[in-house]
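Number of protein chains: 2
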Amino acid sequence: MAAGVLLLLGLSGLLCLSPSQAGKLLVMPTDGSHWIGMKPVVEELGRRGHEVVVVIPEVGMAVGSSKNTKTITYPVPYTKAEMEEGFTASVHEILNHNVVTDLEKVWNFINILDLLNDVAVRNLESMLFNKELVQKLEDWKFDALLTDPFEPMGVIMGEYLSIPSVYMQVNLPCGVDSIASQCPSPPSYVPQRYTFYTEVMSFWERSVNLVRITLQPLACRRLYTRADEIASRFLQREASVVEIMSRAAIWLMRLDFAFEFSRPLMPNMITIGGMSAVKPKPLAQDLEEFVNGSGDHGFVVFTLGSMVSELPEAKAREFFEAFRQIPQRVLWRYTGVVPKDAPKNVKLMKWLPQNDLLAHPKAKAFITHGGTHGLYEGLCNGVPMVMIPLFGDQGDNVQRMVVRGVAESLNIFDITSEKLLGALRKVINDKSYKEKMMKLSAIHKDRPVEPLDLAVFWTEFVMRHKGAQHLRPAAHDLNWVQYHSLDVIGFLFLVLVTFICVMLKTCQFCFRRCCRSSNKKKKE
Amino acid sequence: MAAGVLLLLGLSGLLCLSPSQAGKLLVMPTDGSHWIGMKPVVEELGRRGHEVVVVIPEVGMAVGSSKNTKTITYPVPYTKAEMEEGFTASVHEILNHNVVTDLEKVWNFINILDLLNDVAVRNLESMLFNKELVQKLEDWKFDALLTDPFEPMGVIMGEYLSIPSVYMQVNLPCGVDSIASQCPSPPSYVPQRYTFYTEVMSFWERSVNLVRITLQPLACRRLYTRADEIASRFLQREASVVEIMSRAAIWLMRLDFAFEFSRPLMPNMITIGGMSAVKPKPLAQDLEEFVNGSGDHGFVVFTLGSMVSELPEAKAREFFEAFRQIPQRVLWRYTGVVPKDAPKNVKLMKWLPQNDLLAHPKAKAFITHGGTHGLYEGLCNGVPMVMIPLFGDQGDNVQRMVVRGVAESLNIFDITSEKLLGALRKVINDKSYKEKMMKLSAIHKDRPVEPLDLAVFWTEFVMRHKGAQHLRPAAHDLNWVQYHSLDVIGFLFLVLVTFICVMLKTCQFCFRRCCRSSNKKKKE
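Residue numbers (my numbering), protein chains in the order written: chain A, 1 to 524; chain B, 1001 to 1524.
1) Where E435 (chain A) and A475 (chain A) are concerned, what is the direct C-alpha to C-alpha distance, given to the nearest angstrom?
2) Is there at least one Cβ from chain A nearer than 7 Å to V1053 (chain B)'s Cβ?
3) I'd like to know if the region 138-145 of chain A and the region 106-121 of chain A are in contact, where contact means that at least 3 CB-CB pairs between them fall below 8 Å.
4) Which chain A residues are close to Y1189 (chain B), counting only those with a beta carbon under 7 Å from its beta carbon?
5) Kindly list the residues whose CB is nearer than 8 Å to the CB of I230 (chain A), restricted to its own chain and excluding five residues on each side of it in sequence; keep chain order.
6) So, does the CB of E1199 (chain B) fall closer than 7 Å to a CB anywhere in chain A?
7) List the residues of chain A whose Cβ lies closer than 8 Å to the Cβ of D1446 (chain B), in chain order.
8) Along the chain, where does the alpha helix (DSSP H) that runs through W1204 (chain B) open and close?
9) Just to make sure I have the definition right: I need the residues of chain A whose C-beta is within less than 7 Å of the C-beta of P1267 (chain B). Which are they?
10) Determine the burial state of N429 (chain A): buried for a count of at least 16 other Cβ atoms within 10 Å of its Cβ, exposed for fewer.
11) In terms of residues, what are the limits of the beta strand (DSSP E) holding V52 (chain A)?
12) Going straight from the alpha carbon of V406 (chain A) to that of G305 (chain A), what length do you get?
13) Which residue wins for smallest C-alpha separation from V55 (chain A), given the options A:V42, A:N345, A:M269, A:T73?
14) From the beta carbon of H1360 (chain B), is the nearest beta carbon of chain A less than 7 Å away?
15) Comparing alpha-carbon positions, which option in B:R1400, B:S1517, B:P1361 lies nearest L1375 (chain B)?
16) What in chain A is Cβ-close to Y1483 (chain B), meaning under 8 Å?
17) Excluding the 5 residues preceding and the 5 following T198 (chain A) in the sequence, name in chain order all residues of the same chain whose CB lies nearer than 6 Å to its CB.
18) What three-state label does DSSP hand Q354 (chain A) in the structure shown?
19) Whose Cβ in chain A lies nearer than 7 Å to the Cβ of L1045 (chain B)?
20) Please report how far the alpha carbon of E1310 (chain B) lies from the alpha carbon of W1332 (chain B), in whole angstroms.
21) Do I272 (chain A) and L454 (chain A) come within 7 Å of each other at the CB atom, strictly closer than that value?
22) Quick check on K80 (chain A): does DSSP put it in helix, strand or coil?
23) By the criterion of Cβ-Cβ separation under 8 Å, what are the contact partners of H1470 (chain B) in chain A?
24) For E313 (chain A) and V330 (chain A), which I take to be in contact (beta-carbon distance under 8 Å), what is that distance rounded to the nearest angstrom?
25) Classify G13 (chain A): buried if its beta carbon has 16 or more other beta carbons within 10 angstroms, exposed otherwise.
26) Please confirm if the region 1364-1383 of chain B is in contact with the region 1337-1347 of chain B, defined as three or more CB-CB distances below 8 Å between the two stretches.
27) Can you tell me whether E1138 (chain B) is buried or exposed? The criterion is at least 16 other CB atoms within 10 Å of its CB, across all chains shown.
28) State buried or exposed for V1170 (chain B), treating a residue as buried only when at least 16 other CB atoms are found within 10 Å of its CB.
29) In this structure, how does DSSP classify I1500 (chain B) when only helix, strand and coil are distinguished?
30) Per DSSP, which one or two residues make a beta bridge with M1253 (chain B)?
31) If you follow the beta strand (DSSP E) that M1387 (chain B) is in, where does it begin and where does it stop?
32) Grab the span of the beta strand (DSSP E) containing Y74 (chain A) for me, first residue to last.
33) Whole angstroms are fine: how far does the CA of H470 (chain A) sit from the CA of L265 (chain A)?
34) Comparing alpha-carbon positions, which option in B:V1176, B:K1281, B:T1214, B:V1278 lies nearest M1253 (chain B)?
35) Is the shortest distance between the beta-carbon of L1146 (chain B) and the beta-carbons of chain C less than 7 Å?
36) How about R193 (chain A): is its C-beta nearer than 7 Å to some C-beta of chain B?
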């Protein structure tokens, strides 16, 4: 049977709303790849006739205007150059230092998170205390809010405006999605993000995982200290971001179980992983000619994401050396220093039509840092990967692909041309990688509704019904002790102990009486 | 905004398969209302071009042939009359005895379950040890199995044939669905079936709920003792039904969160509640005339399910008396004794077109026993209910509707015309019942894919991909102690205690040294 026989017609192609059905949606995205993930949903909602208002900072990396929407910007106390400089410095540090142990990687991640958090907090203050803007949003009378809670300004604004919120997210730090949604994450088989564990953990890994889960509320408190303070000031009551997040109507989770390990979800969590992998377009003529140039050997696509297009010269040389020794051609998004004797089978570009290239039948391998967008594009198009994680959730993403036998992973800190060559030859020549990837790809693409349509549907659902109260579990009304039934366990334990004591005492009493009467008899 | 704007075109209307895409599906249903729930899926799969083979006992209550399928029957050692007699006796006992306390209700339920279990075990032996039939099924080389695990013969046959299984179920006894699927059911807010609790529980209720959850594995062992023995004999190895069930590829859960309390689900659990509520047909002319006869007062629909169409005379009289005093007309599925002075606003029928009647704009109330089919039909059509639970999960179903403010519940054991009248007037005249029901109905009907299409999609998915291995959590490979991290907690506790001991000893040592040196100094 052919796969995907039952795929539905995308909603996107089907309907537009009449004015009476259209609503007003406030959108507060997060910059960078997060915005790339959210943009198609926002544009589709606008296309369907809703009044979609996107609020973004004046200065951003990827965030900007979008089709079919109104964009409102607010001033921020930093320039684009300053922001980019911060990120470049962080990336530079990662690429030039030997961050090898897992602990170093986590520490490294915390540093980047702090940097992002700095930007988030500055945005937060600039937006929330911009009276004119806030008044404007209040007057708009929105039906709902769509936000990426990675930056909590949308979270707080939704609470202030008392409108139901849809959160679109991927791998929030400190596991705040599980905490706020009350979604069980059994530490025995649900590896925490940034542990780089798989679903099958050793005793030691399970121990670390449990400690990590236990410490997460503390990590969240640290992460959101400044946001909590700002939220309290803005809402004029004691407030915390995590508490506000617990009132989210819908969580649009950018994950798919062809990639993510199976684990419990709450009914208000909707999986929309793989939205970015859209229908490919044909390649430009020069690209088409280049990729066809190596005949049956095919070609390799290589990018390290939107943030990293340069490499330290020595490291870059290792890549060039490896590429020189393969029969495939290579398309590499690279703007760094090029050695004089760069091999001719390598084409360097400032920007790659990544999805279109991966969809080409001659794409043999994909060298990637393991960001979710690229990962789903590779998965969708069935291209085996060589993965070189840099920071954030990339290390975890890589584990998930490696354990499924569709990728090899390398460490950027000690990469050599030999290692790269070995990994590339393995994923290209060992047919099992391609076969497993094709099976995984078929599973990933075989779904009753396209992720974009699901995201649109549930956002509109929240607009239509003023929330999704019926999906909210009663767990939110319990405290920690009650949720874990610790009071009940204590009570039952007490009952058991009392019962045993009474039984023992009774036995003792009976035994003594028996002894006494038998003693009496003896004496008599 | 109008509700349901985004409802998709049903798959059913869209596609049929080409012969190369069609597969072979074995279906093993359970009798009674269970079969009514499964039949549309089976027929749709047949219509789409698959070879669907339904295996049923020669003798059944509701189970029988279906469109677009092959039906195979096997002989059983009982007659239809014997089977019906058993059930009639049970129902008679319920209706004629005062089963009032919750404990009595549970006991009553266990008795009915034992009766059903007797039938199941007899079917099981008749089918599994029918060599000719088993050989025939083996030769068929099915791609997958669709079964209702309420009767475990499909479960065991799927294991024997080594084909992936799709389970379609509603409220399995002893919570075997949660146990076998490793789905977390926090006892603090997920009320166990047959407790008749809601999601908000008192301390006492939480205690009972926890004890119930703890005892469930034992209850399952009791329920499946004979099936386990037969399975071991048939498979020629030590086998248990619960263990086999843990390998289910997909669980099609006949629930919807407009009705069920929000709680965690596993990714291989697909909710398909409300499948029975199909598009209504216009009423026959005489019925249409009858229901229009009371003008704006409208009419009441009254059935106690497919198994109960009679009532003890005294009880029936209470109903007739109540109906005499309302301005509505009443349509009642009733075949019992009719008093001479039966009120004229009551029409008694052997069978009611329940869904078509509930969809009529003049339907004002629905008197029902709270079976899932009727319940979803009432919910879909937005008709407030007076609910009179009889047995099984009906008591729990009723609680779910009452707590949402869309129904009143009555006890069949002490029902009087006054009580019935009070409840009927309440749900008809107090507008809040209708308003809440309309909101709940809108939420229930507003979904991205119709439940029937979802059931068809996931069954075909399992046929296409030979299972759904990617949705299977690693929890299945852990034992109870590991799953609950008890070994890790013990280890961490030991580390903590050791750490504290070492710290104390060190302090003690230092303190002593200090004391000794100061004593020495003093002495000196």
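We treat Cβ as the ideally placed atom computed from N, Cα and C, and that holds for glycine.
Predicted model only: the values in this text are computed from it and were never measured.
Quick look at the numbers:
1) Roughly 43 Å separates the two Cα atoms.
2) No, V1053 (chain B) lies away from the interface with chain A (no Cβ there is under 7 Å from its Cβ).
3) These segments do not touch.
4) Near Y1189 (chain B) (Cβ distances below 7 Å), the residues of chain A are P473, A474, A475, L478.
5) The residues are V121, L124, E125, L128, I156.
6) With 7 Å as the cut-off, E1199 (chain B) counts as an interface residue toward chain A.
7) Correct list: F461, R464, H465.
8) Its alpha helix (DSSP H) spans residues 1203-1223.
9) Within 7 Å Cβ-Cβ: F257, S262, L265.
10) Burial is judged here by how many other beta carbons sit within 10 angstroms of a residue's own beta carbon; N429 (chain A) has fewer than 16 and is exposed.
11) Where V52 (chain A) is concerned, the enclosing beta strand (DSSP E) stretches over 51-57.
12) Spanning the two alpha carbons is a distance of roughly 20 Å.
13) When the alpha-carbon of V55 (chain A) is set against those of A:V42, A:N345, A:M269, A:T73, the nearest one is in A:T73.
14) Not an interface residue.
15) When only C-alpha atoms are compared, the closest one is B:R1400.
16) Within chain A, the residues near Y1483 (chain B) are P186, S188, Y189.
17) A distance below 6 Å between beta-carbons, with the five flanking residues on each side excluded, links T198 (chain A) to the following residues of its chain, in chain order: Q399, V403.
18) DSSP places Q354 (chain A) in helix when its eight states are reduced to three.
19) In chain order: nothing, as chain A lies at least about 11 Å away.
20) Using only the alpha carbons, I get a separation of about 11 Å.
21) The answer is yes: Cβ separation under 7 Å.
22) It is helical.
23) The answer, in chain order, is F257, A258, S262, L440, I443.
24) Between E313 (chain A) and V330 (chain A) the beta-carbon gap is near 18 Å, outside 8 Å, which marks them as no contact.
25) Unreliable positioning characterises G13 (chain A) in this predicted model, as indicated by a pLDDT of 45, which lies under 50. A coordinate reading is not provided.
26) Verdict: no, contact absent.
27) Exposed is the call here.
28) With 16 or more other Cβ atoms within 10 Å, it is buried.
29) Of the three classes helix, strand and coil, the one that applies to I1500 (chain B) here is helix, per DSSP.
30) Looking at the DSSP output, M1253 (chain B) sits in a beta bridge with B:Q1169, B:T1271.
31) Counted as a single uninterrupted DSSP element, the beta strand (DSSP E) harbouring M1387 (chain B) occupies residues 1385-1387.
32) Element bounds for Y74 (chain A): 70-74.
33) Rounded to the nearest angstrom, the two C-alpha atoms are 16 Å apart.
34) The residue among B:V1176, B:K1281, B:T1214, B:V1278 with its C-alpha nearest the C-alpha of M1253 (chain B) is B:V1176.
35) Among the protein chains of the structure shown, namely A and B, there is no chain C.
36) With 7 Å as the cut-off, R193 (chain A) does not count as an interface residue toward chain B.
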